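Protein chains: 2
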Amino acid sequence: MEGLLRCSANYVPLTPTSFLERAASVYGDKTSIIYGDTRYTWRQTHERCLKLASALTRLKISRGDIVAAMAPNVPALYELHFAVPMAGATLSALNVSLDEHALTIILNRLQPKIIFVDSEFAHLVSKVINDKNNTHPQENHHDHKPLLVTIHAVSPDRQTQCDVEVREYEQTLATGESDFQAVIPADECDPISVNFTSGSTGMPKAVAYSHRAAYLNSLGLILRYEMGKLPVFLWTVDMFRCNGWCFVWAMAALGGINVCIRNVSAKIIFESIQLHKVTHFCGKPTILNMIAESPPADQKPLPSAVDVIIAGPFPTTCILKRVQELGFNIIHGYGMTEALGPALIGPWRSSQHHHHDRDDADANDDHNLKCREGLHNITLEAADVKDPTTMRSVPSDGETIGELMLQGNTLMAGYLGDLEATQEAFSGGWFRTGDVGVRHTDGCIEMKDRARDVIVFGKEVISTLDIEAVLLSHPKVEEAAVVAQNDVVAGQIPCAYVKLKEGRCSNAEEIVEFCTERLQKAAMVPKSVCFGDLPMNSTGKVQKSVLRERANAMGKLCP
Amino acid sequence: MEGLLRCSANYVPLTPTSFLERAASVYGDKTSIIYGDTRYTWRQTHERCLKLASALTRLKISRGDIVAAMAPNVPALYELHFAVPMAGATLSALNVSLDEHALTIILNRLQPKIIFVDSEFAHLVSKVINDKNNTHPQENHHDHKPLLVTIHAVSPDRQTQCDVEVREYEQTLATGESDFQAVIPADECDPISVNFTSGSTGMPKAVAYSHRAAYLNSLGLILRYEMGKLPVFLWTVDMFRCNGWCFVWAMAALGGINVCIRNVSAKIIFESIQLHKVTHFCGKPTILNMIAESPPADQKPLPSAVDVIIAGPFPTTCILKRVQELGFNIIHGYGMTEALGPALIGPWRSSQHHHHDRDDADANDDHNLKCREGLHNITLEAADVKDPTTMRSVPSDGETIGELMLQGNTLMAGYLGDLEATQEAFSGGWFRTGDVGVRHTDGCIEMKDRARDVIVFGKEVISTLDIEAVLLSHPKVEEAAVVAQNDVVAGQIPCAYVKLKEGRCSNAEEIVEFCTERLQKAAMVPKSVCFGDLPMNSTGKVQKSVLRERANAMGKLCP
Numbered sequence: 001m002e003g004l005l006r007c008s009a010n011y012v013p014l015t016p017t018s019f020l021e022r023a024a025s026v027y028g029d030k031t032s033i034i035y036g037d038t039r040y041t042w043r044q045t046h047e048r049c050l051k052l053a054s055a056l057t058r059l060k061i062s063r064g065d066i067v068a069a070m071a072p073n074v075p076a077l078y079e080l081h082f083a084v085p086m087a088g089a090t091l092s093a094l095n096v097s098l099d100e101h102a103l104t105i106i107l108n109r110l111q112p113k114i115i116f117v118d119s120e121f122a123h124l125v126s127k128v129i130n131d132k133n134n135t136h137p138q139e140n141h142h143d144h145k146p147l148l149v150t151i152h153a154v155s156p157d158r159q160t161q162c163d164v165e166v167r168e169y170e171q172t173l174a175t176g177e178s179d180f181q182a183v184i185p186a187d188e189c190d191p192i193s194v195n196f197t198s199g200s201t202g203m204p205k206a207v208a209y210s211h212r213a214a215y216l217n218s219l220g221l222i223l224r225y226e227m228g229k230l231p232v233f234l235w236t237v238d239m240f241r242c243n244g245w246c247f248v249w250a251m252a253a254l255g256g257i258n259v260c261i262r263n264v265s266a267k268i269i270f271e272s273i274q275l276h277k278v279t280h281f282c283g284k285p286t287i288l289n290m291i292a293e294s295p296p297a298d299q300k301p302l303p304s305a306v307d308v309i310i311a312g313p314f315p316t317t318c319i320l321k322r323v324q325e326l327g328f329n330i331i332h333g334y335g336m337t338e339a340l341g342p343a344l345i346g347p348w349r350s351s352q353h354h355h356h357d358r359d360d361a362d363a364n365d366d367h368n369l370k371c372r373e374g375l376h377n378i379t380l381e382a383a384d385v386k387d388p389t390t391m392r393s394v395p396s397d398g399e400t401i402g403e404l405m406l407q408g409n410t411l412m413a414g415y416l417g418d419l420e421a422t423q424e425a426f427s428g429g430w431f432r433t434g435d436v437g438v439r440h441t442d443g444c445i446e447m448k449d450r451a452r453d454v455i456v457f458g459k460e461v462i463s464t465l466d467i468e469a470v471l472l473s474h475p476k477v478e479e480a481a482v483v484a485q486n487d488v489v490a491g492q493i494p495c496a497y498v499k500l501k502e503g504r505c506s507n508a509e510e511i512v513e514f515c516t517e518r519l520q521k522a523a524m525v526p527k528s529v530c531f532g533d534l535p536m537n538s539t540g541k542v543q544k545s546v547l548r549e550r551a552n553a554m555g556k557l558c559p
Numbered sequence: 001m002e003g004l005l006r007c008s009a010n011y012v013p014l015t016p017t018s019f020l021e022r023a024a025s026v027y028g029d030k031t032s033i034i035y036g037d038t039r040y041t042w043r044q045t046h047e048r049c050l051k052l053a054s055a056l057t058r059l060k061i062s063r064g065d066i067v068a069a070m071a072p073n074v075p076a077l078y079e080l081h082f083a084v085p086m087a088g089a090t091l092s093a094l095n096v097s098l099d100e101h102a103l104t105i106i107l108n109r110l111q112p113k114i115i116f117v118d119s120e121f122a123h124l125v126s127k128v129i130n131d132k133n134n135t136h137p138q139e140n141h142h143d144h145k146p147l148l149v150t151i152h153a154v155s156p157d158r159q160t161q162c163d164v165e166v167r168e169y170e171q172t173l174a175t176g177e178s179d180f181q182a183v184i185p186a187d188e189c190d191p192i193s194v195n196f197t198s199g200s201t202g203m204p205k206a207v208a209y210s211h212r213a214a215y216l217n218s219l220g221l222i223l224r225y226e227m228g229k230l231p232v233f234l235w236t237v238d239m240f241r242c243n244g245w246c247f248v249w250a251m252a253a254l255g256g257i258n259v260c261i262r263n264v265s266a267k268i269i270f271e272s273i274q275l276h277k278v279t280h281f282c283g284k285p286t287i288l289n290m291i292a293e294s295p296p297a298d299q300k301p302l303p304s305a306v307d308v309i310i311a312g313p314f315p316t317t318c319i320l321k322r323v324q325e326l327g328f329n330i331i332h333g334y335g336m337t338e339a340l341g342p343a344l345i346g347p348w349r350s351s352q353h354h355h356h357d358r359d360d361a362d363a364n365d366d367h368n369l370k371c372r373e374g375l376h377n378i379t380l381e382a383a384d385v386k387d388p389t390t391m392r393s394v395p396s397d398g399e400t401i402g403e404l405m406l407q408g409n410t411l412m413a414g415y416l417g418d419l420e421a422t423q424e425a426f427s428g429g430w431f432r433t434g435d436v437g438v439r440h441t442d443g444c445i446e447m448k449d450r451a452r453d454v455i456v457f458g459k460e461v462i463s464t465l466d467i468e469a470v471l472l473s474h475p476k477v478e479e480a481a482v483v484a485q486n487d488v489v490a491g492q493i494p495c496a497y498v499k500l501k502e503g504r505c506s507n508a509e510e511i512v513e514f515c516t517e518r519l520q521k522a523a524m525v526p527k528s529v530c531f532g533d534l535p536m537n538s539t540g541k542v543q544k545s546v547l548r549e550r551a552n553a554m555g556k557l558c559p
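Here the protein sequences line up with chains V and U, keeping their order. full-length UniProt numbering applies: residue 1 is where the first sequence begins, and numbers increase by one. full-length UniProt numbering applies: residue 1 is where the second sequence begins, and numbers increase by one.
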């Protein structure tokens, strides 16, 4: 076809920093950020980000460099999500709950030129930087110590402990020019950020996001959650988790209000909703527990409906009911770091106690759930349940378990520094989630379990989540986890770990009987039941690997 | 950065045909199309498009080929928007009001391998194909006659007049396989469609859209118009206009309902709204006149609010009031073929009678308008008012007139077969719209006129639209157009053409006096006023070039 042309007029690399430039011109006078007494407009946020990008450039930050940040959800971390890519560099927002050991390994991996650190964590970060050369000399032969920029002042006594160069955030920003020309990515597939997985299966992995993926996923999120009417977003999800599930950028696309908070509590959630008319917030399902179990004195009536987007294990019926009664509208998603956050809506699991939820819901809600089930984001190309060996789709029978695989532009660019792991994750041209599920006759996907957690009983694949759902429906059970225990005859059998509600007593026989009555197949009934606290990792997930080791170290019946 | 990988798992060319594949899996059982008694679901539409793409492939259609279509807004034309690109080819939907001469030129330009034609236009198309070799032998030496596929049956006597091969749409579709593997564009910047401009400045230009532009513009539209809740879209805008402003694809992204109609009338609009609970429709502002002036018997109460998106000259206050009273919510956009349809919201013009509109509107509406004014679509990178020579932005003073220029991924790939015109349109790295406007102190852009229509009085640039707005506010004036008349002293002076309302009388002196009282500057007052019908082109636009010729062929005062 002749006569066509690709030039700067009709081809611009996709990058979410463009949302901020548009917000400054379209929503210039509207509020961008509220944090305590601090308020900015979109014009101000744009100007501050340009100045910060300019300041970074003066500090010799350029394409290919990594800038790290360790901070709670403060305005500075929001600004860094734009300023760092506008300087051409890649941002890595670090989990603030990392310990010294994990932080050392991660900083060695990233080799950031600058680390922005909230004063609360400045001591930890400067200690790690100072110790690094001594503890890991072999990894650091080419390493220069990064520049540290503190957000808020560091107290003088702590500052002396640190022999790296330290600057202050606002002072650094002030050195930049507001007429700075933002750097446009050379290729829209270049990385804009590096995010770490929660590390439930070992060391956190460094997941790189491209500008293209971040741009498209932001638009996909807005479309998915229908966030069209100038939303007010309360920052309950950590910005260091998938860049706040990409909502950092989506909010600039919408010109909405970011309500930043340092710490999350039910009290702060209710207060922020009343004060700022919050319309949306997100997080792990534990945020619902926090709300449901908060003292009535902290609970305030909602001025209007609030959408809560959660991703992770489905909350219990009881919790769900309580938060819904308080006026919250719960939207449940399935996601992961490699998919830039929530990628599928649902899964509303079809086990007994969740079916029960749906029967309880009014007709309208139920319709809503049904039409959303199995829905993948518009910017994700495909979601399928496949046999991981043959790569064939499983039959749509609601029974045959396969691995959930994803394909599309809103998946990671790869694991930074680990091409082998990237190739493995993408082998066969699909991203292998490591989660298993089924496809129902109506085409909907229902997630079942982590691939490594399923129990292979003879030739049958059993989902531990199906068994846990029954255990959790027992009136005395607070928490439950089921893992595979090796067995000479069946290969693997289910072993249950149960934490009872305070003051309740039970025994293995009672639990086994309860399960026998409710589970469809005898193979699903736990062959052993152990009582006590469940081992959790730092993000609140049960450490099933620990339980599996325990189960296989002991006999069939617990003491 | 090492470890990253671009592969089919995380990089898929952007194309709006992917929306249909997703709609089939996510909205499979929901209605896709309603046309009289015909109804399809998204699963069926997907299957039909796959079969049609397969049939096209069997007819030797492949990458780089053009398939043309001439039909009103029937389901077949909707399906072709997916099936043709899914076969790897490019669709050109033709204006059904083209005459034999224009159609001949356009078909010579396109060289389509297949033409799909609604039986209403089969006679015209087959005649043009048969006559073509005789009338333009020099242009057709390498030309094979295209295959004709009729939508609905062609009556036997007409069919005999045609010596090209003729097939029928449903039969052709039936020869395809539903398990066809849709062709993915080799490059997302390859053309998905060719659309013709309305040709108000001469011959229509062939504007090519890329898959990437169509994909992004569809998402931009949805976000702009907040069409999240399974919309019901009435097809009042022609699908051959910018692919129905890209709504053909946007509707698949949303899983909404396409209500197809052959002809547009107020009666059909009201009936469709009542019958199908239409939520959105679009078109030129004349559609509002049609509604406002329809007999009360045709007007039915709206079951709920209906959004009407219009692009073109702003409707008069009186029309606007009437349609708003009937319950329609009017959204006004600025767009053009080269920008894939509406690209900016507004412009709500700030001339007297439009200011009046805004004073009338309630506070809430006013807020809404204000926050949207000057808003460009999220997928458009930038909109600016520039001096076309220096390429400098005009000052934000609301006075200095410059050319509106656009930049972004949702602009055309170029003019097919006319690289020179493409280069000219994109010169300086911006798309030059040929429209002039100003930028206000608050950053908002206000459109003023077509660049070629402005009057250069001495050194002052005068917008003819500003003068027309005053003329239209005269109680006796039905239509008005102002053009530049050459003048030895001033360079150019305004000359007004006015059509009076039926039964009304006036004279030049009365009109000039009315203008003198209301226009800010003496230079803006028309120096001559002519009465009578205004010359219109086929799309209902006043032919100002004709009026300019007339104005310069006569003396200063009309007979």
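Glycine is no exception: its CB is placed at the ideal position from the N, C-alpha and C atoms. The model shown is predicted, which means the values in this text are computed figures rather than measured ones.
Next item on the list: Note down, in chain order, every chain V residue with its Cβ under 9 Å from the Cβ of U:MET1.
Entry: The answer, in chain order, is GLY64, ILE66, THR90, ASP190, PRO191, VAL194, ALA208, ALA413, GLY414, LEU416, GLY417.
Note to self: Extract the residue ranges of the alpha helix (DSSP H) inside the segment 242-315 of chain V, only unbroken runs of 4 or more that lie entirely within it.
What the structure shows: If you keep only unbroken alpha helix (DSSP H) runs of at least 4 residues inside the segment 242-315 of chain V, you get 242-245, 247-254, 266-276, 286-292.
Note to self: Does V:GLY402 pass the burial test, meaning 16 or more other C-beta atoms within 10 Å, or should it be called exposed?
What the structure shows: Buried is the label assigned to V:GLY402, since at least 16 other Cβ atoms lie within 10 Å of its Cβ.
Checklist line | Among U:ALA89, U:ALA76, U:ALA305, U:TRP42, the one whose alpha carbon lies nearest that of residue 560 of chain U | finding: The question about residue 560 of chain U has no answer here: the residues shown for chain U are numbered 1 through 559.
Check: Nearest chain U C-beta to V:ALA9 closer than 8 Å, yes or no?
Finding: Any Cβ of chain U closer than 8 Å to the Cβ of V:ALA9 would place that residue at the interface, and such an atom is present.
Note to self: Taking 8 Å as the threshold (beta carbon to beta carbon), is V:VAL12 in contact with chain U?
What the structure shows: Closer than 8 Å: yes.
Notebook entry, point to check: If you measure from the beta carbon of U:SER25 to each beta carbon in chain V, is any gap under 8 Å?
Noted result: U:SER25 belongs to the set of residues whose beta carbon lies under 8 Å from a beta carbon in chain V.
Check: Applying the criterion that 16 or more other CB atoms from any shown protein chain within 10 Å of the CB defines a buried residue, is V:GLY333 buried or exposed?
Finding: Buried: at least 16 other Cβ atoms inside 10 Å.
Check: Going by other Cβ atoms of all chains shown within 10 Å of its Cβ, with 16 needed for buried, is U:ARG241 buried or exposed?
Finding: Burial call: buried.
Next item on the list: Just the C-alpha distance for U:ILE511 and U:PRO315, rounded to the nearest angstrom, thanks.
Entry: Rounded to whole angstroms, U:ILE511 to U:PRO315 spans 21 Å at the Cα level.
Notebook entry, point to check: Considering only residues of the same chain and omitting the five flanking positions on each side of U:GLU517, which have a CB-CB separation below 6 Å?
Noted result: If we look at U:GLU517 and ignore the five residues flanking it on each side, it has no Cβ neighbours.
Margin query: I'd like to know whether the C-beta atoms of V:MET405 and V:ARG432 end up nearer to each other than 8 Å.
Written below: Yes, the pair counts as a contact, with Cβ atoms nearer than the cut-off.
Item checked: Positions along the segment 384-407 of chain V whose CB lies within less than 7 Å of some CB in chain U -> Correct list: GLN407.
Notebook entry, point to check: V:ILE345 to U:SER97, Cα distance in whole Å?
Noted result: The alpha-carbon atoms of V:ILE345 and U:SER97 are separated by roughly 45 Å.
Note to self: Between U:LEU275, U:ILE291, U:GLN407, U:ALA292, which has its C-alpha nearest U:GLY428's C-alpha?
What the structure shows: Just measuring C-alpha positions, the residue of U:LEU275, U:ILE291, U:GLN407, U:ALA292 sitting nearest U:GLY428 is U:GLN407.
Next item on the list: Residues of the segment 237-259 of chain V with a CB closer than 9 Å to any CB of chain U: list them in chain order, please.
Entry: From the segment 237-259 of chain V, only ALA253, LEU254, GLY255 have a Cβ closer than 9 Å to chain U.
Checklist line | Sheet register partners of U:PRO191 (DSSP bridge) | finding: Note: U:PRO191 sits in a beta bridge opposite U:SER210.
Notebook entry, point to check: Between V:LEU148 and the ligand PLP, is the CB less than 7 Å from at least one heavy atom?
Noted result: The model depicted lacks the ligand PLP and carries no ligand whatsoever.
Checklist line | Of the residues V:GLU513, V:PHE82, V:ASP384, the one placed nearest V:VAL67, counting alpha carbons only | finding: The residue with the shortest Cα to Cα distance from V:VAL67 is V:PHE82.
Check: Since V:GLY443 meets chain U, which of its residues come closer than 7 Å, beta carbon to beta carbon?
Finding: Correct list: SER25, GLY28.
Notebook entry, point to check: Mind checking whether V:VAL84 and V:LEU56 have CB atoms under 8 Å apart?
Noted result: It is a contact, given that the beta carbons lie within the stated cut-off.
Check: Curious, which full-length alpha helix (DSSP H) runs of at least 4 residues does the segment 405-444 of chain V contain?
Finding: The segment 405-444 of chain V contains these whole alpha helix (DSSP H) runs: 419-425.
Margin query: Once DSSP output is grouped into helix, strand and coil, what is the label at V:ASN108?
Written below: Note: V:ASN108 maps to helix in three-state DSSP.
Checklist line | Cα-Cα separation, U:HIS354 to U:VAL470 | finding: Its pLDDT being 34, under 50, U:HIS354 is placed unreliably by the model, and the measurement read from it follows with that caveat. Rounded to whole angstroms, U:HIS354 to U:VAL470 spans 10 Å at the Cα level.
Margin query: Just to make sure I have the definition right: I need the residues of chain U whose C-beta is within less than 8 Å of the C-beta of V:LEU5. Which are they?
Written below: Going along chain U in sequence order, the residues near V:LEU5 (Cβ under 8 Å) are ALA413, GLY414, LEU419, THR422, GLN423, PHE426.
Notebook entry, point to check: Pick from U:ALA206, U:ARG212, U:ALA213: whose alpha carbon is nearest that of V:GLY3?
Noted result: Here the closest residue by C-alpha is U:ALA206.
Check: What are the boundary residues of the beta strand (DSSP E) that includes V:THR41?
Finding: Taken as a continuous stretch (DSSP letters only), the beta strand (DSSP E) holding V:THR41 covers 38-41.
Checklist line | Candidates U:TYR215, U:ALA214, U:ILE257: closest to U:LEU234 by CA position | finding: The residue from U:TYR215, U:ALA214, U:ILE257 with its alpha-carbon nearest to that of U:LEU234 is U:ILE257.
Next item on the list: Using alpha carbons as the reference points, say which of V:THR286, V:ASN130, V:ASN243 lies closest to V:MET336.
Entry: The option with the nearest alpha carbon to V:MET336 is V:ASN243.
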